[in-house]
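Residue numbers (my numbering): 36 to 330.
Set out below in structure tokens:
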């Protein structure tokens, strides 16, 4: 199995795996659930293995082959050392390299070139690469970070629904729909929120964008505040990298494109590929001789 590599792109909503040969040609793909190692290490490990096994199965290989194939993992939450250490101990791979889902997104979007990438999905993380040097902005997780991410959008919208129920904010179609999801019971909504994972909040982000596009006052407030948080981070990228290419990637990238400030929209570039393509490219670099292998 020395000529095979695995690339894994694990975010807060989805984990995707691809098996490739040494040239980067994809032989099989697999998908599983969330892989945020900071919020649920056990669940992330299970989904990583499920996605990898599915990729091997599609390529006609058995589960036992999983243990001999080197893997590059780009995982949400890996910027926190404790989380990275814990996931390493839970995974069965004999040889692995681990970094953030933001790094694989950057590699997929830009290839080896310079530029900036904003990864906007369940959470948010930003990468700058310039003259071979990397800088990361954000990626600190839902509790203290992820401003503008889908989880924060969903949480904020649910807060608005509670405020509308109490008569503090004006009700809207969005607050009514959200409250109806819990049988009209604010207590049921609060009970859900106390046990919810970031991915559970993020499931409501698309609904908020949909209502914002119809002019819903609550949705507009949430999305405008969220877009402002994204703009602040993009301002930081510009301060460091200047007018280098900027790519928005992740599950909410397309939804955000019309909401960010014009100063950022004017320098957006279409990504070359996705995070899974980036994970395969980095796996090649680490494990395939003659491609800049580091291991």
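Ideal placement from N, C-alpha and C gives every residue a C-beta, glycine not left out.
Here the structure is a predicted model, which means the values were calculated and not measured.
Local Cβ density within 10 Å of residue 329, reported as buried at 16 or more and exposed below that: Here the question's residue 329 lines up with position 294 in the chain shown. The pLDDT assigned to residue 329 is 47, lower than 50, so where the model puts this residue is not dependable, and the model offers no usable value.
Close-in-space but distant-in-sequence residues of the same chain around residue 127 (CB under 7 Å, 5 per side omitted): Here residue 127 refers to the residue found at position 92 when the chain shown is read from its first residue. Result list for residue 127: 84, 101, 102, in chain order.
Does the segment 36 to 54 come close enough to the segment 262 to 280 to have 3 or more Cβ pairs within less than 8 Å? No contact exists between the segment 36 to 54 and the segment 262 to 280.
Where does residue 224 land, buried or exposed, given buried means 16+ other C-beta within 10 angstroms? By one-based count along the chain shown, residue 224 stands at place 189. The residue is buried, with at least 16 neighbouring Cβ atoms inside 10 Å.
Look at the alpha carbon of residue 310 and the alpha carbon of residue 320, and state the distance between them as a whole number of angstroms. Residue 310 sits at position 275 when you count from the first residue of the chain shown. Residue 320 sits at position 285 when you count from the first residue of the chain shown. Cα to Cα, residue 310 sits roughly 15 Å from residue 320.
Residue closest to residue 318, alpha-carbon to alpha-carbon, out of 228, 134, 209: Counting from 1 along the chain shown, the entry for residue 318 is found at position 283. The residue from 228, 134, 209 with its alpha-carbon nearest to that of residue 318 is 134.
Is residue 243 near residue 254, with beta carbons less than 8 Å apart? To locate residue 243, count along the chain shown from 1; it is residue 208. To locate residue 254, count along the chain shown from 1; it is residue 219. Contact flag set, yes.
From residue 302 to residue 184, what does the alpha carbon distance come to, in whole angstroms? As a working note, residue 302 is residue 267 in the chain shown. As a working note, residue 184 is residue 149 in the chain shown. Rounded to the nearest angstrom, the two C-alpha atoms are 21 Å apart.
Just the Cα atoms here: how many angstroms apart are residue 307 and residue 161? The sequence position of residue 307 within the chain shown is 272, counting from 1. The sequence position of residue 161 within the chain shown is 126, counting from 1. Each residue's alpha carbon lies about 17 Å from the other.
Collapsed DSSP secondary structure at residue 219 in the structure displayed: For this step, residue 219 is matched to residue 184 along the chain shown. Correct three-state label for residue 219: coil.
DSSP three-state assignment for residue 236, whether helix, strand or coil: Indexing the chain shown from 1 puts residue 236 at position 201. The answer is helix: DSSP assigns residue 236 an H, G or I state.
Relative to the C-alpha of residue 108, which candidate in 154, 240, 71 has its C-alpha closest? Position 73 of the chain shown, counting from 1, holds the residue named residue 108. Looking at the Cα atoms, 71 is the closest of the given residues.
What's the gap between the Cα of residue 280 and the Cα of residue 249? On the chain shown, position 245 is the one that residue 280 refers to. On the chain shown, position 214 is the one that residue 249 refers to. Rounded to whole angstroms, the separation of the alpha carbons of residue 249 and residue 280 is 31 Å.
Go through its chain and collect everything with a Cβ distance to residue 334's Cβ below 6 Å, but skip five positions before and after it. A question about residue 334 goes unanswered here, because the residues of the chain that appear run from 36 up to 330.
Specify the secondary structure class of residue 122 as computed by DSSP and reduced to three states. Along the chain shown, read from residue 1 onward, the residue named residue 122 stands at position 87. Residue 122: helix per DSSP, three-state reduction.
Can you tell me the Cα-Cα spacing of residue 89 and residue 282, whole angstroms? For the purposes of this step, residue 89 is taken as the residue at position 54 of the chain shown. For the purposes of this step, residue 282 is taken as the residue at position 247 of the chain shown. When rounded, the distance between both Cα atoms is 30 Å.
Reduced DSSP secondary structure (H/G/I, E/B, other) of residue 210: Here residue 210 refers to the residue found at position 175 of the chain shown. The answer is helix: DSSP assigns residue 210 an H, G or I state.
Within a Cβ cutoff of 8 Å, which residues of the same chain sit near residue 75, ignoring the five residues on either side of it in sequence? Locating residue 75 in the chain shown gives position 40, counting from the first residue. The residues are 69, 232.
Can you give me the start and stop residues for the alpha helix (DSSP H) that residue 197 sits inside? For the purposes of this step, residue 197 is identified with residue 162 of the chain shown, where counting begins at 1. 185 to 200 is the span of the alpha helix (DSSP H), which, as asked, contains residue 197.
Among residues of its own chain, excluding the 5 on either side of residue 266, which ones have a beta-carbon nearer than 7 Å to its beta-carbon? As a first step, residue 266 must be located in the chain shown, where it is residue number 231. Result list for residue 266: 295, 296, 299, in chain order.
If we ignore side chains and look at the alpha-carbon of each, how far apart do residue 261 and residue 66 end up? Numbered from 1 along the chain shown, position 226 holds the residue referred to as residue 261. Numbered from 1 along the chain shown, position 31 holds the residue referred to as residue 66. Looking at the two C-alpha atoms, the distance is approximately 29 Å.
Residue 79 to residue 167, Cα distance in whole Å? The residue given as residue 79 occupies position 44 in the chain shown. The residue given as residue 167 occupies position 132 in the chain shown. Those two C-alpha atoms are separated by around 31 Å.
DSSP three-state assignment for residue 321, whether helix, strand or coil: Your numbering for residue 321 matches position 286 in the chain shown. It is helical.
Is residue 206 closer than 8 Å to residue 199 when the C-beta atoms are compared? Indexing the chain shown from 1 puts residue 199 at position 164. Indexing the chain shown from 1 puts residue 206 at position 171. In contact: residue 199 and residue 206 (Cβ atoms closer than 8 Å).
Distance between residue 178 and residue 190 (C-alpha atoms, nearest Å): Your numbering for residue 190 matches position 155 in the chain shown. Your numbering for residue 178 matches position 143 in the chain shown. Rounded to whole angstroms, residue 190 to residue 178 spans 11 Å at the Cα level.
Locate the beta strand (DSSP E) running through residue 64, then write down its first and last residues. Your numbering for residue 64 matches position 29 in the chain shown. Run containing residue 64: 61 to 67, per the beta strand (DSSP E) assignment.
Using 8 Å as the threshold, is the C-beta distance between residue 186 and residue 47 below it? Indexing the chain shown from 1 puts residue 186 at position 151. Indexing the chain shown from 1 puts residue 47 at position 12. Contact flag set, yes.
N- and C-terminal bounds of the beta strand (DSSP E) containing residue 337: Lying before the first or after the last residue shown, residue 337 is absent from the chain, which here runs from 36 to 330.
Can you list the beta strand (DSSP E) stretches of 3 or more residues lying completely in the segment 84 to 133, in chain order? Fully enclosed beta strand (DSSP E) runs of 3 or longer: 106 to 110.
Just mark residue 44 as buried or exposed, buried being the case when its beta carbon has 16 or more other beta carbons within 10 Å. Start at 1 with the first residue of the chain shown, and residue 44 comes out as number 9. Residue 44 is buried by the Cβ-count criterion.
Can you find the residues in the same chain that come closer than 7 Å, C-beta to C-beta, to residue 113, ignoring five residues on each side of it along the sequence? As a working note, residue 113 is residue 78 in the chain shown. So the qualifying residues of the chain are 72, 119, 133, 134, 135.
With H, G and I counted as helix, E and B as strand and the rest as coil, what does DSSP make of residue 253? For the purposes of this step, residue 253 is identified with residue 218 of the chain shown, where counting begins at 1. In this structure, residue 253 counts as helix in the three-state DSSP scheme.
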